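> Protein chains in written order, with the working numbering: chain A, 226 to 343; chain B, 32 to 138.
Rendered as structure tokens:
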């Protein structure tokens, strides 16, 4: 089946620094990728839709200047948490559909990145 | 009120039991997804439905579009089925997620 990887799997950083998380589709091309955040004991929250070759679409309440998304190729999307603060500590997950049909196709999820901001 | 409601929130079952998890939604949808999240955090997509019923091994998912309701059934449950099950709907523009059902299957 389709595989999506994320790197790093976990990261600890100091408050005020920026952290980049990569999401790669390993055996298929993904024109669309989704980024989610999950706080402990809560469900997924969609942050943004990453579109190859164009600007990301952010969900209401998500600061686009703080969570920078770049989808530079058909197999790679990156999420950069800028000037991270302890409240940004969370589990960040990406997903991609194989057909590019956004939410109406089976989603393949990355394993997630656990971010801890000290 | 959440656009997607799941029940129950928590469920404990004995190995071998038949399990049902319910999902109700209040928006018009183009697709409904059932996801499984294991304790380590990894998420697997179990089903994507837009109508009817799908079966994969011991898992069955059904959806009633008129009633805006979906169920996930697990037959002959096993401890390895212990996970959080999440219902998500896509409206054509947006995803909405349920808060998840935490299932524990006891040997």
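Glycine included, C-beta positions come from ideal geometry on N, C-alpha and C. Source: prediction; values computed, not measured.
Taking the alpha-carbon positions, what's the residue 65 of chain B to residue 237 of chain A distance?
The alpha-carbon atoms of residue 65 of chain B and residue 237 of chain A are separated by roughly 31 Å.
> Sort out for me which residues DSSP pairs residue 136 of chain B with in a bridge.
Paired residue(s): B/44.
> Spatial neighbours of residue 314 of chain A within its chain, please: C-beta separation below 8 Å, excluding the five flanking residues on both sides.
Excluding sequence neighbours, residue 314 of chain A sits near 340, 341, 342.
> Measure the Cβ-Cβ separation of residue 305 of chain A and residue 244 of chain A and say whether it is below 8 Å.
Taking 8 Å as the Cβ cut-off, residue 305 of chain A and residue 244 of chain A qualify as a contacting pair.
> Counting C-beta neighbours from all protein chains within 10 Å, is the total for residue 137 of chain B 16 or more, i.e. buried, or is it exposed?
Per the 10 Å Cβ criterion, exposed.
> Can you name, in chain order, every residue of its own chain whose Cβ lies under 6 Å from the Cβ of residue 302 of chain A, other than the five neighbours on each side?
248, 258, 275, 296.
> Can you round the beta-carbon distance between residue 43 of chain B and residue 130 of chain B to whole angstroms, since I take them to be within the 8 Å contact cut?
The pair is not a contact, with the Cβ atoms about 18 Å apart (cut-off 8 Å).
> Short check: CB of residue 334 of chain A to CB of residue 263 of chain A, under 8 Å?
The answer is no: Cβ separation not under 8 Å.
> What do you get for residue 107 of chain B, buried or exposed, if any count of 16 or more other CB atoms within 10 angstroms of its CB means buried?
Residue 107 of chain B should be labelled exposed.
> Answer yes or no: does any C-beta atom of chain B fall closer than 8 Å to that of residue 253 of chain A?
No - not a single Cβ of chain B is within 8 Å of the one on residue 253 of chain A.
> Could you list which residues in chain B have their beta carbon closer than 9 Å to that of residue 336 of chain A, in chain order?
Per Cβ cutoff of 9 Å: 71, 72, 73, 74.
> By how many angstroms is the C-alpha of residue 104 of chain B removed from the C-alpha of residue 52 of chain B?
One C-alpha to the other measures close to 6 Å.
> Below 7 Å on C-beta distance, what does residue 131 of chain B contact in chain A?
Within 7 Å Cβ-Cβ: 268.
> Within 10 angstroms of its Cβ, does residue 126 of chain B collect 16 or more other Cβ (buried), or is it exposed?
Answer is buried; the Cβ neighbour count reaches 16.
> By the criterion of Cβ-Cβ separation under 9 Å, what are the contact partners of residue 316 of chain A in chain B?
In chain order: 72.
> Just the chain A side, please: which residues come within less than 7 Å of residue 96 of chain B by C-beta, in chain order?
Here the premise fails: no neighbours, minimum Cβ distance about 14 Å.
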